[in-house]
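Which chain is which? The protein sequence lines are A and B, in order.
1379 is the number that the numbering used here gives to position 70 of the first sequence; each next residue is one higher, with no gaps.
94 is the number that the numbering used here gives to position 93 of the second sequence; each next residue is one higher, with no gaps.
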Amino acid sequence: MNDNDGQSGDIGRISSGTMILRLAAIALVILAIAGVFAYAGGWLTPHTLTGARIVDRFEQVNEVHPGFRRNHAKGVCLSGYFESNGRGTALSKAAIFLPGRVPVIGRFALAVGQPYAADEANTVRSMALLFKLPDGEEWRTGMNNIPVFPVNSAEGFYDLLLSSAPDPATGKPDPAKMGAFITKHPEFAKAIQLIHGQPVSSGFADSAYNSLNAFRFINAKGAEIPVRWSMVPVQAFRPFNSAMSNKSNTNQLFDALIAEIHNGALQWHLIITVGQPGDPTADATLPWPSERQHIDAGTLTIDHIESEDTSPARDLNFDPLILPDGIAGSDDPLLSARSAAYSSSFTRREGEPKSPSAVSTAETGK
Amino acid sequence: MARNPAQFALTSRLLHWLMAAMLLSMLFIGAAMVTSLGNYHRLVALHRPLGIMILVLAIIRLVNRTFTTLPPFPPTMSKRERLIASASERLLYTLMIALPLVGWGMLSAGHYPIVMFGPLHLPPILPVSPTLYAVLRKTHTIMAYLLFLAFLGHLSAILFHILIIRDRLLDRMALWPVRSHNHKDP
Ligand code: HEM
Ligand code: HEM
């Protein structure tokens, strides 16, 4: 009798030896599939860096502040609009560049992990924006006021967080740890010179905010153009002056911003920097030559400021890869890593109870 | 050629294998993306539209199931085994539909745009709510792992029938037509 005509109930026909062998084969198949799944899910590689592990590192150096962003934790929310002048359409088919006005919400923040930290002039300042396009698409972008990013990889950022954490004994980063860090991530040395070389402006209103990472614009003809972008203030630059600083107010930078917006809308130009072949797109520590073409694509007007406690911008993930059709990420590895880490930070904070933000718009609203 | 009444309808068999491949890919893409920095964005961008395609196919499959006659259980399956098989089918159908709905719902609650391809995106199906997002995000993970376990159980049962009971259970789902078992081989 062969296998083909067995209709049913062949169970008695295989010897118990064959049966054990076949049961073992079944177990092996199931275990192999489960093993590949476990590998794909990272369980077998506990030292590979993931979004969750980056966020663990933020929590390690800053402690957990439930409900707050794990980085850029101290902030205040904004709203206003972007008026496109149409000049961006040559570079990108994204609907944001068609002439006209789109609503914007967003957030100003300091790049600190502690939501109640005192404002310091040389802490990195940020502007995060969500442009709501007429067809329902969104463009989200988070920008910093530094000229380049200090490291060119997520591993670099992960290492920097620990190496630059203040030593409990001295209150300053441990020079030995910083030395080892720079040996491992040599791009940091040049980048930090550029960062420290930039004059510090008086506050949020007269700061320029930069995408730092490169992106690609795709135009109507399908051409891909490497770009970086900046929000350049209409407000005149005033250097920060420690004499005007008020140490007794831990929210001095935020309060000044709130007062300025209550006084009248603030404006920034969206400046697109057009990259040339050969310009580094995969390394956010390297500036592009200053003679690159700059295109002013329109004006951002911020006419409303609101505490995180009431603004919908608190519960937003400013994932840098939420982009409309016509804008895409570059080969910069920081972009996908940021997406992963922001998602992890967002998921954690959304599941936690919320505490009031340090920055309230009411007290300076008079 | 008349269909062998012991086999599923051709539409059912096609849907079964197409969706098996898609669901398994989705489970692996999902598990890999949340632990990958370099490929996170690329994989999530694939995960969303593929998941929505699974939702559409799962609904088609459910409709198809109500409009086709199912082959009877083979005599090699005991009453208890039939109950387990029916329950696990119901679980698989529920997860196939609920999992992508939870994915869509959690992105809605998390205030994300639900991007498919290019400018194409889906409307939100739930209001924005941090708590809802957090609960659904966890639910998505639990359901996905449950689907993976259900798949392993399903595969073990099939392998047991093929290799140990040797009742040609797989013929019922084979993509090619299989002759009825009561025809003797020449
Ligand atoms: C691998 C490098 C980086 C890591 C790991 C990282 C990590 C984070 C995390 C965890 C958050 C909080 C996200 C949330 O909960 O919503 C955040 C916020 C932010 N990051 Fe980064 N970041 C990186 C690089 C950058 C770069 C290159 C920029 C460029 C300008 C940037 C700009 C911002 C801004 C503006 C915010 C605040 C967004 C807001 O106000 O909600 N980050 N970052
Ligand atoms: C049958 C369909 C689906 C399967 C099998 C599936 C499976 C998975 C798995 C295994 C994960 C990883 C969970 C974890 O380890 O935490 C995941 C995460 C995720 N899924 Fe799905 N999914 C499906 C449908 C969808 C759909 C339709 C969407 C959205 C439209 C979606 C959006 C997501 C997102 C956004 C994440 C998490 C990303 C993050 O937290 O960073 N999924 N999915």
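Don't be surprised by glycine CBs; every beta carbon is placed ideally from N, CA and C.
Values in this document were obtained by computation on a predicted structure and should not be read as measured data.
Three-way DSSP call (helix, strand, coil) for A:Met1452 in this model: strand
Range covered by the beta strand (DSSP E) that runs through A:Phe1417: Gly1409 to Leu1419
With 8 Å as the threshold, decide whether the Cβ of A:Gly1638 is near any Cβ in chain B. yes
Cβ-heavy atom distance, B:Leu116 to ligand 1, below 7 Å: According to the sequence displayed, residue 116 of chain B carries Val and not Leu. No.
Taking the alpha carbon of A:Asp1624 as the point to measure from, which residue in A:Leu1358, A:Gly1350 and A:Ala1382 has its own alpha carbon closest? A:Ala1382
Integer-rounded CB distance, given that A:Ile1604 should sit under 8 Å from A:Arg1396: 6 Å
Classification of A:Pro1408 by the beta-carbon crowding that lies within 10 angstroms, buried from 16 upward: exposed
Could you tell me the alpha carbon to alpha carbon distance between B:Arg173 and B:Leu25, rounded to whole angstroms? 21 Å
So which residues of chain B does A:Gly1445 contact, with C-beta pairs closer than 8 Å? Pro114, His122 and Pro124
I want to see whether chain A comes within less than 8 Å of B:Asn40, judged by CB atoms only; does it? yes
Output yes if chain B places a C-beta closer than 8 Å to the C-beta of A:Asp1634; else output no. yes
Hey, could you find the ends of the beta strand (DSSP E) A:Leu1387 is sitting in? Lys1383 to Ser1393
For B:His122 and B:Met107, the rounded distance between their alpha carbons: 15 Å
Could you name the residues of the same chain whose beta carbon sits closer than 7 Å to that of A:Tyr1390, not counting the 5 residues immediately before and after it, in chain order? Arg1410, Val1411, Pro1412, Val1413 and Thr1610
Below 7 Å on C-beta distance, what does A:Val1460 contact in chain B? The contacting residues do not exist; A:Val1460 stays about 14 Å from chain B at best.
Compile a chain-ordered list of the residues in the segment 1364–1383 of chain A whose CB is closer than 7 Å to at least one CB of chain B. none
What I want to know is whether the C-beta of A:Asn1646 ends up closer than 7 Å to one or more non-hydrogen atoms of ligand 1. The amino acid occupying residue 1646 of chain A in the given sequence is Ala; Asn does not appear at that position. Yes, ligand 1 has a heavy atom inside 7 Å of this Cβ.
Between A:Asn1626 and ligand 1, is there a pair consisting of the residue's CB and a ligand heavy atom that are separated by less than 7 Å? yes
Check for me: the beta strand (DSSP E) holding A:Phe1613 runs from which residue to which? One detail in the question is off: residue 1613 of chain A reads as His in this sequence, not Phe. Taken as a continuous stretch (DSSP letters only), the beta strand (DSSP E) holding A:His1613 covers His1603 to Glu1615.
Residues of its chain near B:Pro187, where Cβ-Cβ distance is below 7 Å and the 5 sequence neighbours each way are ignored: Reliability of the predicted coordinates at B:Pro187 is poor, the pLDDT of 35 falling under 50, and no value is obtained from them.
So what does DSSP say about A:Arg1658, is it helix, strand or coil? helix
If you follow the alpha helix (DSSP H) that A:Ile1329 is part of, which residue opens it and which one closes it? Ser1325 to Ala1349
Can you check whether the C-beta of A:Glu1659 is within less than 8 Å of a C-beta belonging to chain B? yes
Given A:Pro1589, which residues of its chain have a CB within under 8 Å of its CB, disregarding the five upstream and five downstream residues? Ala1523, Leu1595 and Trp1597
Is the Cβ of B:Thr36 closer than 8 Å to any Cβ of chain A? yes
I need the boundaries of the alpha helix (DSSP H) containing B:Ala86, first residue and last residue. Lys80 to Ala110
Cβ-heavy atom distance between B:Pro101 and ligand 2 below 7 Å? yes
So which residues of chain A does B:Leu28 contact, with C-beta pairs closer than 9 Å? Phe1346 and Ala1349
Reduced DSSP secondary structure (H/G/I, E/B, other) of A:Lys1402: coil
Could you have a look at A:Ser1539 and say whether DSSP puts it in helix, strand or coil? strand
Any chance the segment 43–54 of chain B sits against the segment 149–158 of chain B, with 3 or more Cβ pairs inside 8 Å? no
Closer than 8 Å, CB to CB, is A:Gly1360 near chain B or not? yes
Helix, strand or coil, according to DSSP, for A:Val1637 in the structure here? Going by the sequence as given, residue 1637 of chain A is Ala instead of Val. Three-state DSSP puts A:Ala1637 in a strand.
Note down, in chain order, all residues in the segment 131–162 of chain B with a beta-carbon under 7 Å from any beta-carbon belonging to chain A. Pro131, Tyr134, Ala135, Arg138, Phe149, Leu153, Leu156, Ser157, Leu160 and Phe161
Among all the DSSP beta bridges, which residues are the ones paired with A:Phe1440? A:Val1413 and A:Trp1448
For chain B, check one thing: does any of its Cβ atoms lie closer than 8 Å to the Cβ of A:Asp1319? Only weak support exists for where A:Asp1319 lies, its pLDDT of 49 falling under 50; the coordinates are left without a value.
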